[in-house]
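To start, the structure under review is shown below, and the notes come after it.
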Amino acid sequence: MTNFVPLLEMQDLLVRRGGSEVLRVPSFVLHENKTVALIGPNGSGKTSLLLALARLLDGARGLLYYRGAPVPDGRQVVDYRRKLAMVFQEPLLFDQTVEENVAAGLKLRGVSSAEVRQRVAACMERFKIAHLAKRSARKLSGGEGQRTSLARAFAAQPEVILLDEPFTSLDPLARRSLIEDFGSSLHASGGAAVVASHDREEVYRLADWVIALEAGRIIQSGRPDEIARQPVNPYVAAFFGV
Amino acid sequence: MELIVEGVRQALALLLALDRELLTITWLSLKVSCSATLISLALGLPSGTLLALSDFPGRRLIISMVNTGMGLPPVVVGLFVTIFLWRNGPIGFLEILYTPTAMVLAQAVIATPIVTGITIASIQNLPAKLKLQILALGATRLQMVWILVREARLPLLAAVMAGFGGVISEVGASMMVGGNIKGQTRVLTTATVMETGKGNFDVAIALSLVLLGLAFGVNYLLTVIQQRERPR
Amino acid sequence: MLVARILCAVLLLVMSTGGVAAFAAGEGGKTVILATTTSTQDSGLLDLLLPIFEKQSGYQVKTISVGSGQAMKMGERGEADVLLVHSPAAEQKFMAAGFGATRRLVMHNDFVVVGPTADPAKIRGSGAVEAIRRIARSGALFASRGDNSGTHAKEQGLWKAAGINPEGQQWYQQTGLGMGQTLNVAAEKKGYTLTDRATYQALRKNLSLDILSEGDGKLLNVYHVLELNSVKWPKVNRAGGKAFADFMVSKQAQQLIGSFGISRYGSALFFPDAGKTLEALGL
Chain A
830 MTNFVPLLEM QDLLVRRGGS EVLRVPSFVL HENKTVALIG PNGSGKTSLL
880 LALARLLDGA RGLLYYRGAP VPDGRQVVDY RRKLAMVFQE PLLFDQTVEE
930 NVAAGLKLRG VSSAEVRQRV AACMERFKIA HLAKRSARKL SGGEGQRTSL
980 ARAFAAQPEV ILLDEPFTSL DPLARRSLIE DFGSSLHASG GAAVVASHDR
1030 EEVYRLADWV IALEAGRIIQ SGRPDEIARQ PVNPYVAAFF GV
Chain B
468 MELIVEGVRQ ALALLLALDR ELLTITWLSL KVSCSATLIS LALGLPSGTL
518 LALSDFPGRR LIISMVNTGM GLPPVVVGLF VTIFLWRNGP IGFLEILYTP
568 TAMVLAQAVI ATPIVTGITI ASIQNLPAKL KLQILALGAT RLQMVWILVR
618 EARLPLLAAV MAGFGGVISE VGASMMVGGN IKGQTRVLTT ATVMETGKGN
668 FDVAIALSLV LLGLAFGVNY LLTVIQQRER PR
Chain C
392 MLVARILCAV LLLVMSTGGV AAFAAGEGGK TVILATTTST QDSGLLDLLL
442 PIFEKQSGYQ VKTISVGSGQ AMKMGERGEA DVLLVHSPAA EQKFMAAGFG
492 ATRRLVMHND FVVVGPTADP AKIRGSGAVE AIRRIARSGA LFASRGDNSG
542 THAKEQGLWK AAGINPEGQQ WYQQTGLGMG QTLNVAAEKK GYTLTDRATY
592 QALRKNLSLD ILSEGDGKLL NVYHVLELNS VKWPKVNRAG GKAFADFMVS
642 KQAQQLIGSF GISRYGSALF FPDAGKTLEA LGL
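Chains as they are written, first to last, in the numbering used here: chain A, 830 to 1071; chain B, 468 to 699; chain C, 392 to 674.
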């Protein structure tokens, strides 16, 4: 049953850099339990849009609503950000053990140690890194690092997960298994997600909705099968292999 | 050549006898330089972090001043601090010229730009997106700064060592603001210069050995801490 | 590992609190800043006299040893409380300009011209002025203090008397250093220099220099103690300066001055003169 009030809604997003428009998104909506994929060539504005949703983009103007209420600026924006988590293309782990990394988001929110331990254990299980708990983050392979980064994001139990091409730098085998684990974790937790992606398989497996960007503008928006049937430009066509 | 050998031999004799004056001088050197280093950390770490992370008009100017300050000749610092501390100078009412306090002040002025400069470089050397990642996990600005400093702890330890090393071995400023007064402001460096000037090479060599030992000892300790965490 | 960290932290804490405590100990009226010359300091005389003075008077003396020139400049600026210097011509100017309150004769010793045993300029046995004339003529190296010290002033007086200007000559090297170091330079470079006898005696064992000219009246080195004019600089410790000056001309100090160095060097380094006139010394 879909809520009428969207989880996140952005209106009139406008980002200017050095006098020119870099990103212009009149409207963006994310509903609970849904996953939106952002596709487009490099530099089309996928990362900027994700950062704008987290209120982390300098020079971004626009209205942002969380469950219908405007997201504040200033100090209270942290409360909003604690409903999200973000994962980047590189793991960006801290110089600690895997366990401590996964717990990071929880520690920031001041969760009690007992609960931290429990949630961290569960997350590490989910992402199959429990055996790496005490290992230093510096000694992980690419795949293990991204698993840790995802586990860290999930452990904080966010309502929205923002992902900027998190599987791109992995080898195909690692990618496939991680996408699986991510997809099932997301489904189990009931969270919403926005995923920037370069990969068709990811989009088919994870996304309920696809938004195609080009040069800072949305050029197509719809369900994956709809877009695949009628791609609006060569990039989108190539993306879906049609 | 025999002079050096003779000097070293007499130096070891003095050291083993735990000469009282030698101990006083050594203890004062440690106290003054450690205090100065602590002050420079208290000032340099926060300001370095602030300069590395924030953006405001004039930031680049301040950073270049910090970088210039890193190479500031200690004797120049000594001269200006002395002028300020003169009885009839701007802060002469403090009456701290020719006391260890003045030496701590001068050494802190020397060490702070060093610590600040290295802090700026250390923080700026962290992965560019790390700051965003930390904020995106729900950190407040304060939490973010704390985590970044923690992530940069290895090069920041180098900043501590650089700051301490710069002041324990400094002689020009210490001489000027301290006056090398026996039992009061005489430290290893100033005593070495004096004994050399008097021709007491054996004593001078003894003092040099203690100074080297001290500098090495402290740096060894800090290096052990730093290298234990080094990526292998 | 953790132990090492805790040890570090404790050590640091102890040192800084110990440091702060020491710094907190105030001074104020109990401090006397004595500006004197490096030769006086290096001779070791003050190491003998000062502890006695401090114990008797309760004052704490901070001895700043620089050249006579700088010492007098400090006096002019009120940055010292009492001066012990040996540059008579400059001192007279100082008093005439009203910077000093009193000027009392304390002691004297003499300067000597020293040089390599081989004595290339052949000055052995000559009078002071003749000696430096010969040095200039032979072009032998001469190390000068070059730092406005009393020694430097005496040396310049000799050049003037000889009618020679050594400035800019290749053999005339101005070190800008203290007496001990200047002697080292002269010894290393096998050159000549003018030095006070006391410093030479103290360093003799390490130098390969001989006394080649001595005894000339022109080589007399006279020390005065000057109290400062505190009307101009009210922050000067008048009482402390006076106490020190009084001490230096007291019977007790004069006796100690006269016997200083005999046991170590075989002869006295200084000759006590309190109360005498300069004429009595042969000047």
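Just so it is clear, CB atoms sit at the ideal spot from N, CA and C, and this is done for glycine as well. Since the structure is predicted, the reported quantities are computational estimates derived from the model, not experimental observations.
Just reading off the beta strand (DSSP E) that C:W562 is part of, what are its end residues? No beta strand (DSSP E) holds C:W562; DSSP gives it neither H nor E.
- If you measure beta-carbon to beta-carbon, which residues of the stretch 468 to 492 of chain C are closer than 8 Å to chain B? Listed in chain order, the positions of the stretch 468 to 492 of chain C with a beta carbon within less than 8 Å of a beta carbon of chain B are R468, G469 and E470.
Helix, strand or coil, according to DSSP, for A:V1065 in the structure here? Residue state, collapsed to three classes: helix.
*asked:* Taking only three categories from DSSP, how would you classify C:D438?
replied: It is helical.
Exercise. For B:G646, which residues in chain C fall below 7 Å Cβ to Cβ?
Worked result: Chain C residues near B:G646: K453 and I455.
(request) On a CA-only basis, which of A:D841, A:A985, A:V989 and A:R976 is nearest A:R890? Give me that one, please. (result) Answer by Cα proximity: A:D841.
With a 10 Å radius around its C-beta and 16 neighbouring C-beta atoms as the bar for buried, classify B:M643 as buried or exposed.
It is buried - the Cβ of B:M643 has at least 16 other Cβ atoms within 10 Å.
Where do the N-terminal and C-terminal ends of the beta strand (DSSP E) with C:Y614 fall, by residue? Per DSSP, C:Y614 belongs to the beta strand (DSSP E) from L611 to L619.
Subject >> Residues near C:F414 by beta carbon distance below 6 Å, same chain, minus five either side >> reply: Bear in mind that the predicted position of C:F414 carries a pLDDT of just 47, short of 50, making it unreliable; the figure below should be weighed with that in mind. For C:F414, same chain residues with a beta-carbon under 6 Å away, outside a window of 5 residues either side, do not exist.
> Taking the alpha carbon of B:T657 as the point to measure from, which residue in B:A484, B:E469 and B:L495 has its own alpha carbon closest?
Replying inline: The residue among B:A484, B:E469 and B:L495 with its C-alpha nearest the C-alpha of B:T657 is B:L495.
Which residues in chain B sit within 8 Å of C:L594, going by Cβ to Cβ distance? Those are K665 and G666, listed as they occur along chain B.
Within chain B, partners of C:I424 - CB distance below 8 Å: Y565, listed in chain order.
### Message
By the three-class DSSP mapping on this structure, what secondary structure does B:W553 have?
### Response
Of the three classes helix, strand and coil, the one that applies to B:W553 here is coil, per DSSP.
*Cβ neighbours of A:A1067 in the same chain (closer than 6 Å, five flanking residues each side left out)*: Cβ neighbours of A:A1067 beyond the five flanking positions: none.
| query | Leaving out the 5 sequence neighbours to the left and right, which residues in its chain are closer than 8 Å to C:P557 when beta-carbon positions are compared? | reply | By the criterion of a C-beta distance shorter than 8 Å, C:P557 is surrounded in its chain by A527, F533, S535, W550 and Y563, once the five residues flanking it on both sides are discounted.
Exercise. Note down, in chain order, all residues in the stretch 585 to 613 of chain B with a beta-carbon under 7 Å from any beta-carbon belonging to chain A.
Key: Listed by position along the chain: P594, K596, L597, L599, Q600, L602, A603, L604, G605, A606, T607 and Q610.
Margin query: Please confirm whether B:N534 has its beta-carbon closer than 8 Å to some beta-carbon of chain C.
Written below: For B:N534, the closest Cβ of chain C is not nearer than 8 Å.
Problem - Of the listed residues A:E994, A:E928, A:A943 and A:F1069, nearest to A:V1024 (C-alpha basis) - result: Closest in alpha carbon position to A:V1024, among A:E994, A:E928, A:A943 and A:F1069, is A:E994.
Which word fits C:V476, buried or exposed, when buried means at least 16 other C-beta atoms lie within 10 angstroms of its C-beta?
Label assigned to C:V476: buried.
| said: For a cutoff of 8 Å on Cβ pairs, would you count C:N597 as touching chain B? | reply: Cβ-Cβ to chain B under 8 Å: yes for C:N597.
Could you pull the start and end residues of the alpha helix (DSSP H) that C:K484 belongs to?
-> Its alpha helix (DSSP H) spans residues P479 to A487.
Go ahead and label A:E1031 buried or exposed: buried means 16 or more other beta carbons lie within 10 angstroms of its beta carbon, across all protein chains shown. Counting Cβ neighbours within 10 Å, A:E1031 comes out buried, since at least 16 surround it.
Item to complete: For C:Q565, return the contacting residues in chain D, with the cut-off set at a CB-CB distance below 9 Å.
Response: The chain inventory of the structure shown lacks chain D, comprising the protein chains A, B and C.
Short CB-CB distance (under 8 Å) between A:D1054 and chain B: Any Cβ of chain B closer than 8 Å to the Cβ of A:D1054 would place that residue at the interface, and such an atom is absent.
For A:T926, the nearest candidate out of A:N1062, A:R896 and A:E973 (CA to CA):
Closest option to A:T926, Cα to Cα, is A:E973.
Residue environment, A:K968, which counts as buried when at least 16 other CB atoms sit within 10 Å:
Under this definition A:K968 is an exposed residue.
DSSP state of A:A898 mapped onto helix, strand, coil:
Judged by DSSP in its simplified three-state form, A:A898 adopts strand.
How about A:M953: is its C-beta nearer than 8 Å to some C-beta of chain B? Judged by the 8 Å Cβ criterion, A:M953 is not in contact with chain B.
field: Whether C:K421 touches C:Q447 by CB criterion (8 Å)
entry: The Cβ atoms of C:K421 and C:Q447 lie no closer than 8 Å to each other.
Which residues in the same chain as A:G897 place their Cβ atom closer than 7 Å to its Cβ, once the five residues preceding and following it in sequence are excluded? Excluding five sequence positions before and after A:G897, the CB atoms of its chain that fall closer than 7 Å to its own CB belong to V834, given in chain order.
- request: For A:M839, go through chain B and note every residue whose CB falls closer than 7 Å to its CB, in chain order.
  value: Ordered by position in chain B, no residue passes the 7 Å Cβ test against A:M839, which lies about 16 Å from the chain.
* B:N555: contacting residues in chain C (beta-carbon distance under 8 Å) -> Residues of chain C passing the Cβ test: R468, G469, E470, W624 and K626.
Close-in-space but distant-in-sequence residues of the same chain around B:L489 (CB under 8 Å, 5 per side omitted): Taking C-beta separations shorter than 8 Å and ignoring five residues to either side along the sequence, the partners of B:L489 in its chain run L481, L482, A673, L674 and V677, following chain order.
Kindly indicate the opening and closing residues of the beta strand (DSSP E) around C:S658. C:S658: not part of any beta strand (DSSP E); DSSP gives it neither H nor E.
inquiry  = Run through the DSSP bridge pairs and tell me what A:M839 is partnered with.
reply    = DSSP links A:M839 through a beta bridge to A:F857 and A:L893.
Does DSSP put B:V499 in a helix, a strand or coil? Three-state result, B:V499: helix.
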